[in-house]
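Notes follow once the structure below has been shown.
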Amino acid sequence: MKQWMLILVCSSMLFLVACQNENESTDETTSNTDGNTVETEPNLDVETNEDYEELTNEEDTEEQDTRVEPVTEEDIEVQYRSNEKNWAIEPIEDGIEENVLLLTIDDAPDKYALEMAQLLKELNVPAIFFVNGHFLQNEEDYETLRNIHELGFHIGNHTMTHPVLSDINEERQKEEIIELNVLVEKIIGEKPKFFRAPHGANTDYVKDLVKQEGMLLMNWTYGYDYFEPYMDAEKLKEAMISGEGPEVDVNYSLLQPGANLLMHDREWTFEALEDIVKGLRDKGYTFVNPEAIEIPES
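Numbering (mature numbering (1 follows the signal peptide of the UniProt record, and there is no 0)), first residue to last: -18 to -1, 1 to 280.
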């Protein structure tokens, strides 16, 4: 009898130990919605899933805050002014880079302006495109101008019909300038900041009007593509890089720090443009962003 009692007690103890082990195993699992048990992952020292998500979001936010924003026109500091005696672009203060050039394209957008803008964009060269109203006659022309502007180039005023301003009365001078300002603003959403008179023929009235309109009066230092001997890409390239135009009696170089380079929307100019840019860079010059040029207050 005592032997049977001993066997019964031992069996009971084994049963209790088995039940305890089963309960401990169950504590390490949870049930999903269909009643099956699934493994649970350890918390990795994070008290709750909400805490873990909050920590992760904070890390993402910190990473985003360190990203560098792209440079915009608002970030460009005004460092240069236009010298009205020789039309060169000069540093406002000592210590600012002097070996700069300003690149400008007149009579746009005729045939090659957009392609010229795309090329200059690839070469990372800023420029001003001075436009004529008679090249802005329809929506296709408007779209071309918008594309040039959206590539990052300034649009300048070169009058509606390209007259010699000194040959017309003041009322017409005003119409030529104001009407184009209105048209350009309608197309690209902003008025021109720069004005260049056709043939460089300004009048006292034009100078005052341009200032009232909040624009900078601008001529040029040199340009050769409108002279017949330089209506050839190879000859034009040599003249623009050297600054010399011997075939039009310019036997000395007009290339100097701050030179305001005049070119036009022409086939030969487009063909020579890349070589001109590279040749001038090889001489140690960089190209100034028009946004860095001071606009006098009206």
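Heads up, the beta-carbon is just placed ideally off N, CA and C, and yes, glycines get one too.
Just so you know, these numbers come straight off a predicted model, no measurement behind them.
Under the DSSP assignment, D88 falls in the beta strand (DSSP E) whose first and last residues are 82 to 90.
Under the three-state reduction of DSSP, Y124 is assigned to helix. By the criterion of a C-beta distance shorter than 6 angstroms, H144 is surrounded in its chain by N114, P180, once the five residues flanking it on both sides are discounted.
Beyond the five residues adjoining it in sequence on each side, L102 comes within less than 7 angstroms, by CB distance, of A109 in the same chain, given in chain order. For V113, the beta-bridge partners assigned by DSSP are A90, N139. If you draw a straight line from the Cα of H116 to the Cα of F135, it is about 20 angstroms long. Where L244 is concerned, the enclosing beta strand (DSSP E) starts and stops at 242 to 246. A contact between stretches requires three or more CB pairs, one per stretch, nearer than 8 angstroms, and the segment 93 to 101 meets this requirement with the segment 250 to 261. Along the segment 156 to 181, the beta strand (DSSP E) does not occur as any fully enclosed run of 3 or more residues.
In summary, E220 is buried, with 16 or more beta-carbon neighbours lying within 10 Å of its beta-carbon over all protein chains present.
Contact annotation: V82 and T203 have beta-carbon atoms that are not nearer than 8 angstroms. In chain order, K219, M222, I223 place their CB closer than 8 angstroms to the CB of G261, counting only its own chain and leaving out the 5 sequence neighbours on each side. Rounded to the nearest angstrom, the gap between the Cα atoms of N106 and I169 is 25 angstroms. For V259, same chain residues with a beta-carbon under 6 angstroms away, outside a window of 5 residues either side, are L105, V107 in chain order.
E153 carries a helical assignment under DSSP once its states are collapsed to helix, strand and coil. Taking 8 angstroms as the upper bound for CB-CB distance, L84 and V270 are in contact here, some 5 angstroms apart.
In the structure shown, F209 adopts coil according to DSSP, grouped into three states. In the structure shown, G225 falls within a coil segment according to DSSP collapsed to helix, strand and coil. Judged by DSSP secondary structure, E72 falls within the beta strand (DSSP E) whose first and last residues are 71 to 73. Residue burial is scored here from C-beta neighbours: S148 has fewer than 16 other C-beta atoms within 10 angstroms and is therefore classed as exposed.
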